[in-house]
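For the protein sequence lines, the chains are H, D, R and B, in the order given.
End of the first sequence sits at 1141 in our numbering; the numbers just go up one at a time, nothing left out.
End of the second sequence sits at 341 in our numbering; the numbers just go up one at a time, nothing left out.
End of the third sequence sits at 341 in our numbering; the numbers just go up one at a time, nothing left out.
End of the fourth sequence sits at 505 in our numbering; the numbers just go up one at a time, nothing left out.
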Amino acid sequence: NSAAPPGPAADSATPAKAAAKPTVAYVTNGIASFWVIGAKGAEAAGREFGVNVEVRMPPKGVGDQKRMVQELLTQGIDGIAISPIDPDNQTDILNEAAAHSKLITQDSDAPHSNRLCYVGMDNYNAGRMCGQLVKEALGEAGGSVMLFVGRLEQLNARLRRQGLIDELMGREPDNTRYDAPGAEIKGEKYVVLDTRTDQFDFGKAKSLAQDAIARYPDLGCMVGLFAYNPPKCLEAIREAGKQGKIKLVAFDEDNDTLQGILDGDVFGTVVQNPYQYGYESVRILAGLARGDQSVLPQGGFMDISARKITKDNAAEFWQDLKRLTEPGGK
Amino acid sequence: MKKTLGILGLLIAVCVSTAALSPNFLKAYNVENITTWTSLFGILSIGVAFVIMTGGIDLSIGSVVGLTGCLLPWLLVQKHVDPVSSIALVMLVSLAIGLLHGFLITKMRLQPFVVTLCGLLFYRGFARWFTGDETQGFGNGFAGLRYLAVGRVPIPFVSGWHLPVPFLIMATIAVAAAIFLNQTIYGRYLLALGRNEQAARYSGIHTDRMIMLAYLICSLLAGLGGILFSLEINSIQPSGHGDFYELYAIAAAVLGGCSLRGGEGSILGVVIGAAVMRVLYNAINLLGIPTQLEFAIIGMVILAGVIFDELVKRLAARRRTVASPAQATPPAAF
Amino acid sequence: MKKTLGILGLLIAVCVSTAALSPNFLKAYNVENITTWTSLFGILSIGVAFVIMTGGIDLSIGSVVGLTGCLLPWLLVQKHVDPVSSIALVMLVSLAIGLLHGFLITKMRLQPFVVTLCGLLFYRGFARWFTGDETQGFGNGFAGLRYLAVGRVPIPFVSGWHLPVPFLIMATIAVAAAIFLNQTIYGRYLLALGRNEQAARYSGIHTDRMIMLAYLICSLLAGLGGILFSLEINSIQPSGHGDFYELYAIAAAVLGGCSLRGGEGSILGVVIGAAVMRVLYNAINLLGIPTQLEFAIIGMVILAGVIFDELVKRLAARRRTVASPAQATPPAAF
Amino acid sequence: MPAPSSPLLEVRRVSKRYPGVQALRSVCLRLEAGEVLALLGENGAGKSTLMKILAGVQRPDAGELLIDGCTTEIASPDAALDLGIALIHQELNLADNLSVGANIFLGREPRRFGLIDKRRIARDASSLIKQVGLDVSPNTLVHRLSIGQQQLVEIAKALSVNARILIMDEPTSSLSQHETEALFRVVKDLRGRGVGIVYISHRLGEVKELADRAVVLRDGENAGELQRDEIDHDRMVRLMIGRELAGFGRRQSHTPGEIVLRASNLETPANPGRRLSFALKAGEIVGVAGLVGAGRTELLQVLFGVDRPLSGTIEVGGRPVVFHAPHDAIRAGLALVPEDRKQQGLVLEMTIRENVCLASLDRYDRAVGFRNRSHERQAAADSIRRLNIKAPHDRQVVRLLSGGNQQKVVLGKWLLLKPRVLLLDEPTRGIDVGAKQEVYQLMEQLAGEGAAILFVSSELEEILRMSDRTLVMHEGRISGELDRARLSEEAVMRLATRG
Ligand SMILES: Nc1ncnc2c1ncn2[C@@H]1O[C@H](COP(=O)(O)OP(=O)(O)OP(=O)(O)O)[C@@H](O)[C@H]1O
Ligand SMILES: Nc1ncnc2c1ncn2[C@@H]1O[C@H](COP(=O)(O)OP(=O)(O)OP(=O)(O)O)[C@@H](O)[C@H]1O
Ligand SMILES: [Mg+2]
Ligand SMILES: [Mg+2]
């Protein structure tokens, strides 16, 4: 890298700091209720392991994320857990953070950076799980599938989508494959009709679902890849009176999604464990801040794997979730 | 009326060509959906049209939609306030917002753009703060209330077709607004002061009060729109819900014949303007055009529409000049 | 100059209070970061200031930033065009955009708001289309080019402090813009036509050409800003990069003393306006204020700033009226 | 309970100051019912300020206003209207997006069931429009009217109030003799019905004909009062400017030189089908007379490149020219002092200096477009001195000047260009006698230096006095041309009304 910036906290190695409570940061890739759960986990770990936790949610993409990281470095933060939005192109700010603080990635990895470890799951595999749910939902007869997502540029969205497509097409796992959206993808039994993006406009998310129902009267299954998508699809399906006719497979644990599963209108969902992301990230950072390297997981990867939730285990899962996130929980 | 013809032509053109290309376009289900969305955006657009007519602007609409959209489910679900009081409270908040804007613009003489830009930032931040960024929603409850947004009223004698309730709400508002604008003195005052505030003031009009009123109407309708949007969408993310809606509302108003210089506007035109935007979105999805191109197409169609409108106007003006010599000679001056 | 005092006061107030509350604020690293961001946004704001001075507006800036920001890495990385041609090509695109806006606004007599709103939609859609919604970036390459955005030049005799290269670029542009505005006849023409286009035309000013020029400057600077933003951020999402930047740019221009009615503005003020916004963002995070409140606080501070400015102006006006009787009596009328 | 002898309106020791200017100083004024009171004074004497105070537009700093002998506060325009005070503003104040009828009744719309009674507005407006001698439908949009026609709408609007006190601030400044006569009939009728009328004008002939009494202001103070039989031109002038005005008779004609401007079969957009032909020689002053709406302004605008002619040719210096914009006309040596000073003449929010220099910036630039500040300062100072512009300094914002002084700034701007062909559209609109004299001398001087001058005026006196030749227009065509020998009031009126 060209002009190496001087250490942000170079002149602030205050001796008193070692004694004080370390401060670590939990940086998300945007604002969402998913991250609110993550923040709860982070804060819980903060209390448990005696560190201050600062949560940062960049409202508008990479630029804001970069600025927030810079500002954390300015503060002389002791550790950062980040969900990089575009890992390949963010290497320099990530390395800058790694150089002046302890950096780990969570939710989404940046393998080419100097991060110490990654806490999260494999989005591609989660996508394949989601594909399995679609297969179960549509059954042997197969059918057509419509995908909905906020933005396709985000790595997690692309990997989920690709995993799902590969699963439906019965391909070998390969997370570098990419089917460009816009064209139908036909397999033996399943057809992925299209992927529609809404730029996080929730009104639009719903009207996209409506338009899909209008366009494909015999649509087999809808999949919402971001947390807010499935409830919007569910709304549209219910209003069209197509419950059961159009299957709905979800991602993440929005309340409406879980309720939909219990009601039988959502076939199932693939959940990550944001609470655990937050909790584990802060636990690791707290250890690192105190100079304890043993907290680092083997191979630099802590797998907090995704789970399939269907009618069978939804109630139990929801109970657990509420216990963790609601005041008076864990 | 004449000004409305251009945009009406555009609407018809878009509808006819979509219907020709996609058999699903004219199905009851689709038409009802378009009508619902048009109505929701139409309510916002009618509100902002009043502000635009005074020569002002309101950029805070999207954030007000976000704020009221979060507030209603928060009151109902988290605070267990009863529906009537909740709605009253939410409308009161919108009212206060409108008053605040009006006050800052007329009494403090601040620029509307600045005031409402600060509003845009502030209401969004406030919504995020009191919800703690957590998604708000009605879950499966409040079906009665949600009927306001998702309800459908059967059309007598036409089986299979329904009128969405939001359409009825919007139509009522539009009719009231049109009467207010064209038939009452207040509408005339708004138009007069939008063009020449001093002339209006010298004519004994309380221009400040009228401007206040315009911002009040705008915020109230944004608040109402916010309520309906939240009932329609059901789950609301405080950080993003309503983002950009002010631009859609303003675009619809301008498409519908409002001039941002003030003093001009037609309610019917504004509603048609809102419809054009919604039909375009729908057409893009029905025709299977890649979502990436969505914005590009909408931008182009709107631009083509206004250019066409302008050319037609010029042609008409030229024709009038050429055609009039005969009638230009007044019967006899003396 | 006097108009700049208000915003300068606000900047100083925000800086002093942040520095008092956070020892990290004045560290070289932080100051350099703020300077970089201020410079990038400042370039956009200077551009839009010219348009605002003519009484127009440009809503497409954010999308132009997005488009050029995608175009540059796309050309370099995917199409392997050499850096010089790439930059030339990108600037050419911005130039074409400016010309198009100018043409539609002056020759077709369309409203700037509408034209640039369509631009906002169209350029965004276009960027999404040609990139196929795929994130663009330079990866780890092009260090030389990226020096334009992330480079730091040591300040002679002051060890530990550096000047960000974008600051040097912005300062050059600002000085040129200020000279253009205040020292040349064209600057005067712009201000005159911003107040009263008709009177300017009657005075023999090519108003159309001047307006074109303003939109051209605006789009060129937006394009340049887009290039620098992309070099700075490195990772560009076609669908979201630059969203809202037009509002930040306009807000900075207005804070810095531009009136949206046209005919007023100061380049120094605009740059300070941009700085206020950046320092506010920075302060909120350094002081550990919850991010949810970010927008709310920025909205409030800006509003407080303009209200304060207005009150000071009023006080000054009152004092002038009261204080002058002594000198008001002319020595002797005859 | 008003005393029986108390006047309709009394102004007692009213003072008003603006930043840098004491506009009124202890001014007193009395107005009886059924009286026409002329209010006179130089530009910037404070006439409009006093009237604005009466109409609730401005608040006085000190002093009292009495109506029917009772002290009254007039806090806002609508309070004034409630008191029965109507003001015709010196500057046009119409919402030009609305119709003539809507403007006339703006703020006082007749209503039925709470809604605007549009039929009644149209009906009542029609009769008012006729009364003031305007010939348009009440549904016409105001922006389609000429300045003179808009002025008549303003008058109709004030009449519709049925006021007890009617204030007319230079109502005739853009009206020709014909409309003025119609207005006088109305005024006399109102006077007969007991309305008190304050009449402000710089056309002293009108004052003589109409006024029962004249009050003169000078520099914001009472300078004197004239009774009906004392009102004559010299007395009025002496009170206004405090000295005699050197006499200025008819100008002597020079021998005209070559033709510098020729229009052949010119068809203007406002009057399609009518063709205009005439020529203008160097050193010649040609007047253009006609009724309001005759198409005079439109003719000048076409000559100046503001509007494109539908057909016909313009030659300057013997060569055919096509002007795409005023810029081209200025290049060819033309200058136009436009009629509508607010819209076309001035950038109201800019200073005197900036306005005066605006058209000639590019003539004095130092190297590639850089402004020459010392020249700007010099030019502004010259104009202020030459035209006697009353302002605290040359960085005063033009909006804050009195109407007449604004007009002087417009004149100053175009005189700086030293044009070959000077087009003047109502150049002396609203300026006082002294300044008029000055303008006449300037025209004379320019013509003497070889410029050709085409000037539109609605003030017949001015036409008679200044023109070597007079073109009379009627409904878009030139209905006749009068040389000095045949020039008379009757001849102009005949051509102007009958065509
Ligand atoms: N709003 C204002 N602010 C500052 N000065 C003002 C303002 N209005 C008027 N003036 C000044 O007050 C003085 C009186 O102005 P006023 O308009 O009353 O003159 P007037 O007698 O009507 O002149 P005219 O014959 O030219 O219309 C002038 O010197 C003018 O410049
Ligand atoms: N561009 C135009 N198109 C159509 N009609 C026009 C246009 N310009 C002016 N008119 C109309 O043509 C008529 C002549 O207007 P013009 O301003 O030339 O009259 P004028 O003789 O200067 O009268 P005044 O003394 O009232 O200014 C008016 O009725 C005006 O409304
Ligand atoms: Mg006056
Ligand atoms: Mg005229």
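Cβ coordinates follow ideal geometry from the N, Cα and C atoms, glycine included.
Small disclaimer: the values here were computed from a predicted structure and weren't measured.
Counted within 10 angstroms of its Cβ, other Cβ atoms place residue i as buried (16 or more) or exposed
i: residue 44 of chain D; result: buried
i: residue 86 of chain R; result: exposed
i: residue 164 of chain D; result: exposed
i: residue 265 of chain R; result: buried
i: residue 42 of chain D; result: buried
i: residue 263 of chain B; result: exposed
i: residue 1072 of chain H; result: buried
i: residue 162 of chain R; result: exposed
i: residue 91 of chain R; result: exposed
i: residue 504 of chain B; result: exposed
i: residue 82 of chain R; result: buried
i: residue 240 of chain D; result: buried
i: residue 99 of chain R; result: exposed
i: residue 136 of chain R; result: buried
i: residue 985 of chain H; result: exposed
i: residue 24 of chain D; result: exposed
Extent of the continuous alpha helix (DSSP H) to which residue i belongs
i: residue 125 of chain R; result: 119 to 138
i: residue 962 of chain H; result: Here residue 962 of chain H belongs to no alpha helix (DSSP H), and DSSP marks it neither H nor E.
i: residue 285 of chain B; result: Taken as a continuous stretch (DSSP letters only), residue 285 of chain B belongs to no alpha helix (DSSP H), being part of the beta strand (DSSP E) at 282 to 287.
i: residue 1066 of chain H; result: 1066 to 1074
i: residue 215 of chain R; result: 214 to 240
Cβ separation of residue i and residue j, assumed to be a contact under 8 Å, to the nearest whole Å
i: residue 512 of chain B; j: residue 22 of chain B; result: Since the first residue shown for chain B is 7 and the last is 505, residue 512 of chain B is missing from the structure and cannot be characterised.
i: residue 1119 of chain H; j: residue 1079 of chain H; result: 6 Å
i: residue 124 of chain D; j: residue 66 of chain D; result: 5 Å
i: residue 314 of chain D; j: residue 60 of chain R; result: Incorrect: roughly 26 Å between the Cβ atoms, too far for contact.
i: residue 281 of chain B; j: residue 272 of chain B; result: 6 Å
i: residue 395 of chain B; j: residue 414 of chain B; result: 5 Å
i: residue 1024 of chain H; j: residue 1053 of chain H; result: 7 Å
i: residue 881 of chain H; j: residue 40 of chain R; result: 5 Å
Contact under 9 Å by Cβ, residue i with residue j
i: residue 171 of chain R; j: residue 151 of chain R; result: no
i: residue 139 of chain B; j: residue 208 of chain B; result: no
i: residue 1085 of chain H; j: residue 1061 of chain H; result: no
i: residue 212 of chain R; j: residue 229 of chain R; result: no
i: residue 68 of chain D; j: residue 225 of chain D; result: yes
i: residue 1030 of chain H; j: residue 292 of chain D; result: no
i: residue 341 of chain B; j: residue 477 of chain B; result: no
First through last residue of the beta strand (DSSP E) which encompasses residue i
i: residue 248 of chain R; result: It is not in any beta strand (DSSP E) - residue 248 of chain R carries neither H nor E in the DSSP assignment.
i: residue 989 of chain H; result: Careful: residue 989 of chain H lies outside any beta strand (DSSP E) and carries neither H nor E.
i: residue 913 of chain H; result: 913 to 917
i: residue 163 of chain R; result: No beta strand (DSSP E) holds residue 163 of chain R; DSSP gives it neither H nor E.
Any residue whose CB is nearer than 7 Å to a heavy atom belonging to ligand 4, listed in chain order = B:152, B:153, B:154, B:180, B:302, B:303, B:345, B:431, B:432 and B:462
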